[in-house]
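Residue numbers (the working numbering), protein chains in the order written: chain D, 725 to 955; chain U, 725 to 955.
The beta carbon of each residue, even a glycine, is placed where N, CA and C say it ideally should be.
As structure tokens, then:
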């Protein structure tokens, strides 16, 4: 039996952050089929393992705990597996970076596709995306990160903050290649860290599987079409 | 000197969750004027105390820590002041409830005003809002919460989860009174908990100050006008 069960849609996107952290923790997980994920989501809250609106949902089979919400799941796993700083302020900074990543994903998908991108909207948004990159870069620089070495919060080994960098900035600029020059220019230390994380065997295996299963698809749906057209 | 400085806009809204938790912790805080909040937000990330896109920003003067992002700030304060469960899974459930609250606020403001409500959109949204209420109700029921007594996660004293209930469901249905029957019907234990929390002296003082300063204004701006018109 796997250590965890992760209910999420087939597309990597938000679920990839959780899989990436599970892989870093050397944990195993099952992924139920999409119709099971949908059925669980549509259940009455009183029959759900954790009352929730939408996936991801993680079930920890060791402790029999069920959780929803990407930030809560990542925070739980990172603390359990020693993949975030022991210092409370640095742990909270990790939570802040997860919330930042969540905001960037909402913004760049126009809140999960609530609207569609136009070239003008995209052009107006680019400086804000660059500022998000600068925010991550500056946090890295304050912890000694350089394009060639280090981890985001100055640890000796990668943790949740580095998983966020890989799955936000690394994956985004690998799927939307035209954004990579902006990352290289605005956040060179983040670009380097994302590349080093992507080369780790357990992360490379996940990224290769995502590429094999989904090609260049990133957030998916009409919103990805409008994003690519606007860019 | 105050224990904390909280940079946020004058309107209570998201900032009220943090003030409410600070008050529960019996901590003091300064609130810089709106032009200072704006100036800090517009600073280069390399001169910000914590690189961030937008308030809230909290500075802890005891530890000289600066944090942004409401969920990270609430999680930090709750852990520091013993206002969330010591059990890691229950602490993570608290983080999940904060993320749920953040989602509800985004949804009901159409992502901070990215679109405007129409009566038809609002009518279509109501069942989803009721489901959010049921999700909180069911979590309370699993921890022994009743309309008359208890706290959301079964603790002997209020914590962050209860602050979330007060500031999400209590304040929302107090400012948008026509939603209170939906809460009473769908989530009676949550309604009762919100009322009991609102009666605590430190919370009553905050709520009275918000009412004196801002009247019935809730999320503010054009989006509040469109919400009230659609309802």
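- Task: Could you confirm whether any beta carbon from chain U is found closer than 7 Å to the beta carbon of residue 835 of chain D?
- Result: yes
- Residues that residue 775 of chain D contacts on chain U, provided the C-beta gap is smaller than 7 Å: 859, 862, 863
- Item | Alpha carbon of residue 799 of chain U to alpha carbon of residue 894 of chain U, nearest angstrom | 21 Å
- Message: Alpha carbons only, please: which of U:939, U:902, U:936 is nearest the one belonging to residue 953 of chain U?
- Response: U:902
- Please confirm if residue 903 of chain U has its CB atom under 7 Å from at least one CB of chain D. no
- Item | Separation of residue 836 of chain D from residue 830 of chain D, as counted between CA atoms | 6 Å
- Extent of the continuous alpha helix (DSSP H) run through residue 800 of chain D: 794-804
- Pull up the CB-CB distance for residue 888 of chain U and residue 741 of chain U, whole angstroms please, since I reckon it's below 8 Å. 7 Å
- Query: How about residue 832 of chain U and residue 775 of chain D: are their beta carbons less than 7 Å apart?
  - Reply: no
- Enumerate in chain order the residues of its own chain whose CB-to-CB distance from residue 724 of chain U is below 7 Å, with the five nearest sequence positions on each side excluded. Coverage of chain U is limited to positions 725 through 955, which leaves residue 724 of chain U absent and any answer about it impossible.
- Item | Local conformation of residue 824 of chain D per DSSP, three classes | helix
- By a C-beta neighbour count over all protein chains shown, 10 Å radius and 16 as the cutoff for buried, is residue 744 of chain U buried or exposed? buried
- Could you check which residue in U:878, U:932, U:852, U:805 has the C-alpha nearest to that of residue 766 of chain D? U:852
- Measuring only between beta-carbons, confirm whether residue 743 of chain U sits less than 7 Å from chain D. no
- Report the rounded CA-to-CA distance for residue 760 of chain D versus residue 781 of chain D, giving the unit in angstroms. 12 Å
- Task: At 7 Å on the CB atoms, spell out the chain D contacts of residue 972 of chain U, in chain order.
- Result: Because residue 972 of chain U is not part of the residues shown, which for chain U are 725 to 955, the question remains open.
- Query: Hey, how far is the Cα of residue 886 of chain U from the Cα of residue 876 of chain U?
  - Reply: 6 Å
- Sequence-distant residues of its chain with Cβ nearer than 7 Å to residue 823 of chain U (five each side left out): 795
- Reference residue 816 of chain D; option with closest CA among D:828, D:827, D:803: D:803
- Query: If you follow the beta strand (DSSP E) that residue 930 of chain D is part of, which residue opens it and which one closes it?
  - Reply: Here residue 930 of chain D belongs to no beta strand (DSSP E); instead the alpha helix (DSSP H) covers 925-938.
- Go ahead and label residue 792 of chain D buried or exposed: buried means 16 or more other beta carbons lie within 10 angstroms of its beta carbon, across all protein chains shown. buried
- Proximity test, Cβ basis, 7 Å: residue 789 of chain U and chain D: yes
- Quickly, what does DSSP pair residue 781 of chain D with across the bridge? List them, please. D:731, D:792
- Task: Per DSSP, which residues does residue 753 of chain D bridge with? Please list them.
- Result: D:728
- Item | Local conformation of residue 871 of chain U per DSSP, three classes | coil
- Measure from the alpha carbon of residue 769 of chain D to the alpha carbon of each residue in U:891, U:864, U:819, U:906, then state which is nearest. U:864
- Message: Short of 9 Å Cβ to Cβ, which residues in the segment 845-857 of chain D face chain U?
- Response: 852, 855, 856
- Could you check if residue 754 of chain U is buried or exposed, using at least 16 other CB atoms within 10 Å of its CB as the buried criterion? exposed
- Message: Below 7 Å on C-beta distance, what does residue 803 of chain D contact in chain U?
- Response: 812
- Spell out whether any CB of chain D is found under 7 Å from the CB atom of residue 868 of chain U. no
- Any C-beta of chain D sitting closer than 7 Å to the C-beta of residue 769 of chain U? yes
- Task: Determine the closest residue to residue 934 of chain U out of U:750, U:736, U:892, with distance taken between C-alpha atoms.
- Result: U:736
- Task: Return helix, strand or coil for residue 818 of chain D, following the three-state DSSP convention.
- Result: helix
- Since residue 883 of chain U and residue 807 of chain U are thought to touch, with beta carbons under 8 Å apart, how far apart are those beta carbons, to the nearest angstrom? 4 Å
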